[in-house]
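Chains as they are written, first to last, in full-length UniProt numbering: chain A, 1 to 542; chain B, 1 to 180. In what follows, a single structure is set out as C-alpha cells and then discussed.
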Amino acid sequence: MAVPKLEQLSKSVVQGPSLATGAIPTRDWMDIPVHFKEGNYAYPAKKEKVEYLDSQKGLSFPNARIWSPEDDDWKLPEDWKEIILNGLKERLGKFRSLKIFMDCCVRCGACADKCHFFLGTGDPKNMPVMRAELLRSIYRNDFTLAGKLLGRMAGAREMTVGVLKEWFMYAYQCTECRRCSVFCPYGIDTAEITIILRELLHLVGVGINWILEPVSNSNRTGNHMGLQPHTYKDNVEFLADDIENLTGVRINPPFNKKGAEVLFITPSADVFAEPGLYTAMGYLILFEAIGLDYTWSTYASEGGNFGLFTNNESMKKLNAKMYAEAKRLGVKWILGGECGHMWRVLHQYMDTMNGPADFLEVPKSPITGTVFDNTASTKMVHISEFTADLIKHGKLKLDKSRNSHVKATFHDSCNPARAMGLLDEPRYILDHVVDWVEMPENTIREQTFCCGSGTGLNTDEIMELRMRSGLPRANAVKYVHEKHDVNMLSCVCAIDRATLTSLMDYWNPGVRVCGISELVGNALVLEGETRGELDDGLRTLL
Amino acid sequence: MDLAEAFRNYKDKIVDQWVDYTLSTYQASSFFKKERDMFANPVGGNIREALKKLFSLLVKGAGTEQMIPPLEQILKIRSIQEFSPSQAVAPLNAVKHITREILAADKERRHLVSELYDFEFAVDLAILAAFDIYMQCRERLYQTRIQEIKTGTHILTDSRCPSSLQKNKVQDSIPKVESI
C-alpha cells in the first residue's frame, strides 16, 4: 500500500467535519448550520420545572414541553418568529445599552482572541464579535434601514429556525465572564448580548435544565439545591460539629435571628458540596473568632442568582429575596460570602432593580469601625473586604505555618474581579495566611480567564466542552504547578470551587481547589482551642 | 553530508511546517499560528512546544517512554476537542511527508530520503503511543465526570427535598383505582 501523500492526509484532517458545526468550513458563516450531538449541548429544561416557573407571579416561561436539541422539530410555538422579533423590539426600547451595543461595534477584532471558548475550540463563532453578530445580523435585517435595503450585503439575515438553533448553541458557549469587554475599545459588554440571547430564547421555551431547575428551587425554597430550612440548618450544624472535632471549640451558628447586626448570605454549595464545605467552615471559625453578632438565614439561603443567566425578571425576583429577608430580620447590613455572579448582580443591577436599600445602614465593621462607603447603596460587603480589613487592623491571630502543606495560587473569579473590582483584598489575605504565587500576568486580575463553566454551564453532560473552555485557565495553573509546585488553586466563587476541581482533575491532577476563607480558617487561632497537628487543615480526617 | 546534519539544518523549517500543518486543522487557525504567547494562545503554544521537543526525540531515535510527555501535551488537548480519534492523531504522521518533501527539494540532500527508514519508524512508534494516550485522556475525562457526580455537585439539578421524596413514596404505595 502506498504511503499517503500529505495532501491526502490533509483531506481527512482539514476538510473533515468542522468543530462544533459538523459542516465543511469553506462556506460563509451564515451558511454553516449548527449540529447538535451528545456532549455539545446542555440538556433542555424539564417540562415540570418550566411549568412551575411559568405559574409563578412576575415570571413568564411559556411553551413547557419535552423536546431535544437533536430533533429537527423543536416544537416551537407557531408564531415563534413574531415572538422573537417583538421580544427584540421590546428590549431595544427598554435597554439602551443593547441598542448601543448593536450599533457601535466596528468589528475591530480586539475581542476576537480573548474568549476562552474561542481559545479552546478554534471555532470562529466563539469569537465574541461573531457571537454578537449572530444577534446583530437579525437586528440589521429588521430594525435598520441599511439592512432592510441591502440585506446580506449589509450583514443582515432573516430570522429562521436555523438562526434560533445557532443562538442556542452559542449563547450557551459563553459564560458571561466579560474578559472580551476589557479589551473592547467601545466598552461593549458582550455578556449582555448573551443575556439578551438567552432571554429571547426563553420567550419560545428554549432553555437548559441546569439553569432553570436551580432558578425554580431558589424561587421555592430559597436556594439552588432546594434545601428546606431544617436541612440547611442541619448542614451548617454538621460543619460546626466537624470544627469541634478538629479544634475543640464548639460553635453554635445563629439562624434567622431577629435583630442581629449582620445577615450573612453565601452560595448554598458552601454548606452542601465539597470543597465549598471547608470554605463555610472558614466563615464559621472567623465569625466565632471575632464574636460577630450575625445570623444565617434559612430563607435567603443562597447567594447565587441563576436568574442572571435566565432573564431580568427572574434575576430581580431572586435578588429581592435577600433584601426582603434583611428587612424581616431587621439587620443593619448584609455580609456576602465567596460567590461569583451574586456580586455582578449586586454591583451592576441590584440598584436599578430593587435598590437602593434605604432601610439598611451603611455597613460599618463592628470590630474595626471601618465604614464601607463603597457599599453605601447596596449595603452589602464582600467577605474578603471584611476579612482584609480585620487583618489590616490586627484583629486576627493568624498562624501561617498551619497552611504549610499548601502552596497556593489565586484565580481571580471573573465576576468579583471584573464586575466589582475585588482584586487586592484576596491577595492581601493570602499574603497573611499562606505561601502563594501569582499565575502569568495576562491570566490574572482584570484579564483573568474564566473557569469555563460559569453561567450555569457547570453540568456534567458537557464535560468535554467545559474542558475546552477551561483550557486557558488550566494552562496557566499548569505553569505554576510545574514551576513552583503549586498544589492549591484558591478562588472566591462557589461555581469555581466546583468546576475548577473537575478542571484540575483532568488537566492538572494534584492541584486542589479551595476558597480563601478555608485558608483563613486553617490559619486562624481560636481562643480556647485544643487543635492538634492538622496536616491537611480543615480537610484533615480524624 | 549526513542525515544528522540535514536534520540539524532543517529542524526549524520542518518543525515550523509541522506546527503549521497541525494548527491548520482548526477552523480559525490563523490566530493559533500567529500568536506566540503561550498563555494568550494555549492551543498554538502547547502544540508548538511539544512538536519541537518531539522532533528532537524522533531524530535521536529516542524510546517511546521519552516521547510520552510531549505527546501527552498535544493529545490532552486534541482528545477533548471535536476531532475523531484519527483526526486527533493524524497530524503527527505529517512530519514524515514534510521531511521527505524538504529533503527532496534540496539537490545536495535528495539522496538522504532513502535513509529515512529509522526516522519514519520512530514516527510510527510515536503514533501508536499517541493512540494509547488519546484513550487515556478520554478515560480521564469520563473519570472526571464520574468524580463530579460523586462529590455531590450534581445534586444541584437532580435533587428532591426529603419531604418530597417521602411524599412520592407514599403516593407510589397507594394502589391505583384501576388496578384494584
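Beta carbons are placed, not taken as given, at the ideal position from N, Cα and C, and that holds for glycine. Keep in mind the model is a prediction, meaning the values are calculated, not measured.
For residue j and residue i, the rounded distance between their alpha carbons
i: residue 254 of chain B; j: B/W18; result: The requested residue 254 of chain B does not occur in the structure, where chain B is confined to residues 1 to 180.
i: A/R220; j: A/S301; result: 11 Å
i: B/F131; j: B/Q87; result: 11 Å
i: A/A269; j: A/L88; result: 35 Å
i: B/P69; j: B/A126; result: 11 Å
i: A/L134; j: A/G162; result: 11 Å
i: B/F83; j: B/L92; result: 14 Å
i: A/C450; j: A/V271; result: 23 Å
i: A/I211; j: A/K321; result: 18 Å
i: residue 208 of chain B; j: A/A494; result: As shown, chain B starts at 1 and ends at 180. That puts residue 208 of chain B outside it, with no answer to give.
i: A/G187; j: A/N312; result: 21 Å
i: A/R91; j: A/L308; result: 16 Å
i: B/A4; j: B/Q66; result: 20 Å
i: A/W167; j: A/I84; result: 12 Å
i: A/V236; j: A/I462; result: 31 Å
i: A/T247; j: A/T295; result: 22 Å
i: A/R497; j: A/H481; result: 18 Å
i: A/C104; j: A/M153; result: 18 Å
Minimum Cβ-Cβ distance from residue i to chain B less than 8 Å
i: A/Y506; result: yes
i: A/A273; result: yes
i: A/M169; result: no
i: A/L471; result: yes
i: A/Q475; result: Per the sequence presented here, residue 475 of chain A reads as Asn, with Gln not at that position. Chain B, which has a Cβ nearer than 8 Å to the Cβ of A/N475, makes this yes.
i: A/T540; result: no
i: A/T266; result: no
i: A/L489; result: no
i: A/T443; result: yes
i: A/M342; result: no
i: residue 568 of chain A; result: Residue 568 of chain A cannot be examined here, being either before or after the span of chain A that is shown, 1 to 542.
Exposure of residue i, with buried meaning 16 or more beta-carbon neighbours within 10 Å
i: A/N475; result: buried
i: B/Q143; result: exposed
i: A/K258; result: exposed
i: A/A523; result: buried
i: A/K397; result: exposed
i: B/M135; result: exposed
i: B/I149; result: exposed
i: A/I310; result: Note on identity: in this sequence residue 310 of chain A is Thr, with Ile being the wrong assignment. The residue in question, A/T310, is buried, as its Cβ has 16 or more Cβ neighbours within 10 Å.
i: A/R107; result: exposed
i: B/R36; result: exposed
i: A/G528; result: exposed
i: A/V371; result: exposed
i: B/R110; result: exposed
i: A/T121; result: buried
i: A/K165; result: buried
i: B/V15; result: buried
i: B/A40; result: buried
Closer than 8 Å to chain A by CB, residue i
i: B/I80; result: yes
i: B/F31; result: yes
i: B/A40; result: yes
i: residue 195 of chain B; result: This structure leaves residue 195 of chain B out entirely; chain B is present only between 1 and 180.
i: B/Y26; result: yes
i: B/I102; result: no
i: B/L141; result: yes
i: B/E148; result: yes
i: B/T99; result: no
i: B/I74; result: no
i: B/T151; result: yes
i: B/E108; result: no
i: B/V95; result: no
Residues sharing a beta bridge with residue i, DSSP
i: A/A376; result: In DSSP, A/A376 forms no bridge with anything.
i: A/L398; result: A/L524
i: A/R512; result: A/M488
i: A/D435; result: A/K407
i: A/L335; result: A/F264 and A/V381
i: A/K364; result: A/V371
i: A/P44; result: A/I208
Where residue i meets chain E, residues with beta-carbon distance less than 8 Å
i: B/I77; result: Among the protein chains of the structure shown, namely A and B, there is no chain E.
>> As an exercise, report each continuous alpha helix (DSSP H) stretch of at least 4 residues that is fully enclosed by the stretch 177-249 of chain A, in chain order.
In response: 179-183, 190-203, 209-221 and 229-247
> At which residue ranges does the stretch 252-313 of chain A contain complete beta strand (DSSP E) runs of 3 or more residues, listed in the order of the chain?
Replying inline: 262-265 and 294-296
> In chain order, which alpha helix (DSSP H) runs of at least 4 residues are fully inside the stretch 55-112 of chain B?
Replying inline: 64-78, 85-89 and 94-104
> What runs of the beta strand (DSSP E), each 3 residues or longer, lie entirely inside the stretch 449-498 of chain A?
Replying inline: 488-491
> Counting only runs that start and end within the stretch 74-122 of chain A, where is the alpha helix (DSSP H) found for 4 or more residues in a row?
Replying inline: 80-94, 96-104 and 116-121
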